[in-house]
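Structure first, then comments.
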Amino acid sequence: MLNPIQKCEANYASFTLLRGLTWDEVLNKGTRHFSKEFNWFCDRKMSEIVAMLGWNQAWPEPLLQAFFGVKKNVWLVHMLACLVHPSLPVFRVDKG
Numbered sequence: 006m007l008n009p010i011q012k013c014e015a016n017y018a019s020f021t022l023l024r025g026l027t028w029d030e031v032l033n034k035g036t037r038h039f040s041k042e043f044n045w046f047c048d049r050k051m052s053e054i055v056a057m058l059g060w061n062q063a064w065p066e067p068l069l070q071a072f073f074g075v076k077k078n079v080w081l082v083h084m085l086a087c088l089v090h091p092s093l094p095v096f097r098v099d100k101g
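See the structure below:
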């Protein structure tokens, strides 16, 4: 475990990298190349949507691009919450 200052610095580096991430970079390298945690987050959310809709077809690119934009911004807010010590408490919106 990193000390609190190193942890905040590492989170800031991740935030900075992902903030500039573009759709074209994701198409070329995938989200995993930039962050394993962000990749896991996107995969988990996409799987939840697929299960909820009962979808078994490929997503159209405009929908994937919009999904990426939304998930990137949600993840960036999460990263911002981790930039301070102590970290901000978990915040959630209930389903429904």
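Just so we're on the same page, our numbering is the position in the sequence shown counted from 1, plus 5. Ideal placement from N, C-alpha and C gives every residue a C-beta, glycine not left out. Remember, it's a predicted structure, so these values are computed and weren't measured experimentally.
Beta carbon of residue i nearer than 8 Å to that of residue j
i   : j   : result
L23 : L81 : yes
Expected contact under 8 Å - CB spacing of residue i and residue j to nearest Å
i   : j   : result
A88 : Y17 : A small correction: the amino acid at residue 88 is Leu; Ala does not occupy that position in the sequence shown. Contact holds; Cβ gap of about 6 Å.
S40 : S19 : 6 Å
H90 : C13 : 6 Å
CA nearest to the CA of residue i, picked from the options
i   : options             : result
G74 : Q11, N8, V31, E14   : V31
L26 : K100, K77, L68, E14 : K77
Helix, strand or coil at residue i [DSSP, three-state]
i   : result
H38 : helix
G74 : helix
Q62 : coil
P9  : helix
C87 : coil
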